[in-house]
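In what follows, a single structure is set out as structure tokens and then discussed.
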Amino acid sequence: QQRDLKVLAKMSSEQRSGIMESLLAKRNYRNDVDSLDGIFDQSVKELELNGGFSLLPLQQIISSVSAHSHSKTISHDMECAVARAFSSARSAFHLVRETLSEKSHKNYSKSTCGVPLIDPDTDSGSWTGYHNASEINGRYNQFREGFVFSNGQLFDVNLEGHNEVREGNELECITEKSHPGINFEEDMEELFHLMHNVVADGVLKAIERRLSLPPLYFHDQLGPTKSSSQWHMKRYIIDTGRGNVEQNAQCEPKNDNPESQSGNGVDIFLPVHTDPSLISVVILDRPGVNSNAMGLEVFSSNKSEKIQENVFDNCTWQELPNHGHGVAIIFVGSVLSYLTKGQIFPAVKHRVVDWRIKTKDDDGCCICGSREERMAVTLFVRPHGNALMKTLPSPYLNTDKKMSNNPPTFSAWNSRVATNYMKKKQRQKDSM
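If you read the sequence shown in the numbering used here, its first letter stands for residue 82, the second for the next number, and so on.
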């Protein structure tokens, strides 16, 4: 492992790309990793090789956890946790939007349906509640409504009498729950447990192994992250004037964000960014494992046959190859990149573009298919506010000792990041 890391550190991006291409070609979600640690070690190796992202076989992880616990009940409950949570969130979104449509969108109250409504003037790093799809909630939420949970906080939504009709595995998972109907808060808590305590915890421990850090370093020095992380369930809402399937009265009638159009006219619904996290865990709402990633693209200067490409402005954007309930997408965040000085785990830039399937007719004219509903859950694993942002004590990092003196706390570092973002946002407004 130590020798492999030194070799990887000296590789050019083209060499890493070639290894990643071979790795992706051999990757199969049904085979060959026997141990749970082995699955996470493989994921961390991919994070290095692919410049900050990896796709975890979630079903394989659940099966391995079940094997270790010798309990089929645990396996079934974890498998259903993703489907139940998305189903509950969908019902909650419908209920909250119906309730808000009866009120003035300009007059914010503190809550609706028992759900706290997010004040857009407050610190987004501490948000807990619901926000609608509007640029008033930040440029990243212009096309997304969401339920946000911060620092271990949860809330419930009374969905009695508002359950949706479900089919297939969603119906099986709901009907086999120990409680009748939907329990929003319980379903969110179970999903968080899977994403944080199983997936994220496994990835961070694998990173500790790869960097020869003391066991539980992230937990002891930066955590416990369970009570400092932020996560959200978000659904895209795009107005019908742009050809989508659902009208949103709270969204602008057209996209006037200059960052929402690329040089070749690609619609960008989530601007390019890196996540303010150690790592992020993303799951998209589709049963099983599906091709492509519904417009989720990562920035890369490398090319791989296994990833959909879109090149413009001398940049290469690649759509991730898979999505669904059976896939956990892992991103390296800006926090881990800062702690490693970007030498081994650089933060990956990513965005979401229009995910409609585009074809051409006999005359060569572009035809866009219907835009399917897109909902995703994202966990940002964050340090505690008073955790020191000091370079990780790994023998594989070339560090400047002077830079290690007086490291900022995560709270101070994150505030500077937020301030820089707000200045950029203000400059954009001033230029209009």
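In this text, a Cβ means the ideal position worked out from N, Cα and C, and glycines have one as well.
Problem - Beta-carbon contacts of ALA493 that lie in its chain and below 6 Å, excluding the five residues immediately before and after - result: none
Handout entry: Residue span of the alpha helix (DSSP H) that contains SER231, given as start and end
Key = Per DSSP, SER231 belongs to no alpha helix (DSSP H); it is in the beta strand (DSSP E), 225 to 231.
Problem - Terminal residues of the beta strand (DSSP E) in which GLU378 lies - result: 377 to 380
Practice task
Have a look at the DSSP bridge pairing and note the partners of ILE120.
Solution key: Paired residues: none, contrary to the question.
Practice task
Could you tell me whether the Cβ atoms of SER358 and ARG220 are closer together than 7 Å?
Solution key: no
Problem - contact_flag[the segment 162 to 181, the segment 268 to 280] where n(CB pairs < 8 Å) is 3 or more - result: yes
Exercise for the section: Consult DSSP for VAL498 and reduce its assignment to one of helix, strand or coil. Expected result: helix
Exercise for the section: Taking LYS307 as the reference, give the member of ARG437, PRO368, SER215 and GLY466 with the closest Cα. Expected result: GLY466
Handout entry: Nearest neighbour of ILE360, chosen from LYS430, PRO476 and GLU270 [CA to CA]
Key = LYS430
Problem - Simplified DSSP state of HIS212, which is helix, strand or coil - result: strand
Exercise for the section: Kindly identify the DSSP beta-bridge partner or partners of HIS274. Expected result: None; HIS274 has no bridge partner.
Exercise for the section: Provide the residue span of the alpha helix (DSSP H) that contains ARG290, from first to last. Expected result: 282 to 291
Problem - Reference ILE349, options GLN123, SER418, ILE319 and LEU128, closest by Cα - result: ILE319
Problem - Contacts around LYS506, its chain only, beta-carbon distance under 6 Å, and the 5 residues preceding and following it disregarded - result: Confidence is the limiting factor: at LYS506 the pLDDT is only 49, short of 50, which leaves the residue's position unreliable and the question unanswerable from this model.
Problem - Cβ-based burial, ASN495 [other Cβ within 10 Å; buried from 16] - result: buried
Handout entry: Separation of VAL416 from ASN371, as counted between CA atoms
Key = 30 Å
Problem - Length of the line joining the Cα atoms of SER124 and LEU139 - result: 11 Å
Practice task
Identify, in the order they occur along the chain, each residue of the same chain with its Cβ nearer than 7 Å to the Cβ of GLN302, setting aside the five sequence neighbours on each side.
Solution key: ALA468
Practice task
Quick one: residues in its chain with C-beta nearer than 7 Å to the C-beta of TRP71, no 5 flanking neighbours on either side, listed in chain order?
Solution key: Any question about residue 71 goes unanswered here, given that the chain covers just 82 to 513.
Practice task
Alpha carbon to alpha carbon, how far is PRO476 from GLU226? Give it in angstroms, no decimals.
Solution key: 43 Å
Exercise for the section: Take the Cβ of ASP356 as the centre, count every other Cβ of all protein chains shown within 10 Å, and call the residue buried at 16 or more, exposed below. Expected result: buried
Problem - For SER355, three-class secondary structure by DSSP - result: Checking the sequence shown, residue 355 turns out to be Thr, not Ser. THR355 falls in the coil class under three-state DSSP.
Problem - Where the alpha helix (DSSP H) through LEU420 begins and ends - result: 415 to 420
Handout entry: Spatial distance of GLU216 from MET456 (CA atoms)
Key = 18 Å
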